[in-house]
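Below is one structure; the comments refer to it alone.
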Amino acid sequence: MTKIKYRIILLLVTTALIIGSILGGYNIYNLMATERTNVTQYRDTLYEQFDRTVKLQVQTAYSLVKDIYDSQQRGELTPEEAKKKAADLVRNLRFDNNNYFWIDTTEGVNVVLLGREASEGKSRYDAKDSNGILFIREFISNGTKVDGGYTDYTFAKPNETEPLPKRSYTLLFQPYNWV
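Numbering follows this note's numbering, in which position 37 of the sequence shown is assigned residue number 783; successive positions increment by one, without gaps.
Next comes the structure, spelled out in structure tokens:
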């Protein structure tokens with residue numbers, strides 16, 4: 747009788763351990779799946795916030811350039827003076843501490859590029875990032891859409907050589923064909 751009693755207890759304990767392990771594994775799996783979902787949602791929220799911020803900053807820079815263009819239209823500045831003033835303004839603008847603006851023409855000629863002044867006045871139309879993306883063409887293509895657009899690419903920070911993933915918003919300033 748004692749042998750049967752121990753076998754029943756052993757069977758119940760083994761069954762409880764198996765069920766507990768299955769339930770524990772299921773709970774761990776659900777926690778991990780929930781965590782992945784939360785991380786994905788957090789990343790998406792950060793991207794959306796960045797997109798709104800960078801678009802607003804570009805629109806602000808656009809407005810400043812438009813003010814200079816309006817001065818040109820009123821005859822207060824020559825076209826050359828206005829373009830130089832606008833380029834200098836953009837060259838000195840910053841947002842979110844270290845982020846900066848640049849300008850390329852719709853033909854891919856660089857007008858302003860912080861830390862890479864040697865590029866200014868030269869074509870970057872065929873420039874590729876470390877992944878082979880013709881990013882200037884992408885800037886132009888996305889920037890000439892009705893509301894502008896975003897481009898993902900890799901690029902080194904000013905005065906650095908290691909390319910990092912970047913996302914930029916470009917918008918066409920039609921009077922000067924600047925993106």
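From the three backbone atoms N, C-alpha and C, an ideal C-beta is built for every residue, glycine too. Just so you know, these numbers come straight off a predicted model, no measurement behind them.
Quiz item: What is the DSSP secondary structure of Ser914, counted as helix, strand or coil?
Solution: Here residue 914 is taken as the residue at index 168 of the sequence shown, counted from 1. Correct three-state label for Ser914: strand.
Quiz item: In three-state DSSP terms, what is Gly854?
Solution: Start at 1 with the first residue of the sequence shown, and residue 854 comes out as number 108. Gly854 falls in the coil class under three-state DSSP.
Exercise. Could you please give the first and the last residue of the uninterrupted alpha helix (DSSP H) stretch that includes Ala807?
Key: Counting from one through the sequence shown, the residue named residue 807 turns up at place 61. Counting along the chain, the alpha helix (DSSP H) containing Ala807 begins and ends at Thr748 to Gln819.
Practice problem: Apply the 10 Å Cβ neighbour rule to Leu917 and answer buried if 16 or more other Cβ atoms are within range, or exposed otherwise. | Solution: Position 171 of the sequence shown holds residue 917. The residue in question, Leu917, is buried, as its Cβ has 16 or more Cβ neighbours within 10 Å.
Quiz item: In terms of alpha-carbon separation, which member of Lys903, Gly889, Pro909 and Phe901 lies closest to Tyr808?
Solution: Against the sequence shown, residue 808 aligns to sequence position 62. Nearest C-alpha to Tyr808: Gly889.
Quiz item: Between the C-alpha atoms of Tyr815 and Lys830, what's the straight-line distance to the nearest angstrom?
Solution: Stepping through the sequence shown from its first residue, residue 815 is reached at position 69. Stepping through the sequence shown from its first residue, residue 830 is reached at position 84. Their Cα atoms are separated by approximately 11 Å.
Exercise. With DSSP as the reference, please indicate the residues paired to Arg840 in a beta bridge.
Key: Locating residue 840 in the sequence shown gives position 94, where the first residue counts as 1. For Arg840, which the question treats as bridged, DSSP gives the partners Tyr846.
Quiz item: If you draw a straight line from the alpha carbon of Ile882 to that of Tyr772, how long is it in whole angstroms?
Solution: Numbered from 1 along the sequence shown, position 136 holds the residue referred to as residue 882. Numbered from 1 along the sequence shown, position 26 holds the residue referred to as residue 772. Distance between the alpha carbons of Ile882 and Tyr772 is about 49 Å.
Quiz item: Which class does Tyr871 belong to by DSSP, given the choice of helix, strand or coil?
Solution: Here residue 871 refers to the residue found at position 125 when the sequence shown is read from its first residue. Three-state result, Tyr871: coil.
Quiz item: Do the CB positions of Leu869 and Thr900 come within less than 7 Å of each other?
Solution: Taking the sequence shown and counting its residues from 1, the one referred to as residue 869 is at position 123. Taking the sequence shown and counting its residues from 1, the one referred to as residue 900 is at position 154. Here residue 869 turns out to be Ser, not Leu, going by the sequence shown. For Ser869 and Thr900, no; Cβs fall outside 7 Å.
Quiz item: Which stretch, first to last residue, makes up the alpha helix (DSSP H) that contains Gly895?
Solution: Here residue 895 corresponds to residue number 149 of the sequence shown, with the count starting at 1. Note, Gly895: premise wrong, no alpha helix (DSSP H); beta strand (DSSP E) at Gly895 to Ala902.
Quiz item: In three-state terms, what does DSSP make of Leu880?
Solution: On the sequence shown, position 134 is the one that residue 880 refers to. If DSSP states are grouped into helix, strand and coil, Leu880 belongs with coil.
Quiz item: How should Ile768 be labelled, buried or exposed, when 16 other C-beta atoms within 10 angstroms of its C-beta is the threshold for buried?
Solution: Here residue 768 is taken as the residue at index 22 of the sequence shown, counted from 1. Exposed is the call here.
Quiz item: For Asn844, which option in Asn905, Val759, Asp893 and Ile764 has the closest C-alpha, if you only look at C-alpha atoms?
Solution: To locate residue 844, count along the sequence shown from 1; it is residue 98. Comparing Cα positions, the closest option is Asn905.
Quiz item: In three-state DSSP terms, what is Leu823?
Solution: In the sequence shown, residue 823 corresponds to position 77, counting from 1. Of the three classes helix, strand and coil, the one that applies to Leu823 here is coil, per DSSP.
Quiz item: Quick one: any contact between the stretch 840-855 and the stretch 910-925, if contact means 3 or more CB pairs under 8 Å?
Solution: yes
Exercise. Report yes if the C-beta distance between Val858 and Arg840 is below 7 Å; otherwise report no.
Key: Stepping through the sequence shown from its first residue, residue 858 is reached at position 112. Stepping through the sequence shown from its first residue, residue 840 is reached at position 94. Going by C-beta atoms, Val858 is not nearer than 7 Å to Arg840.
Exercise. Have a look at Tyr788, Ser817 and Phe847 and flag the residue whose alpha-carbon is nearest the alpha-carbon of Gln803.
Key: Locating residue 803 in the sequence shown gives position 57, counting from the first residue. It is Phe847.
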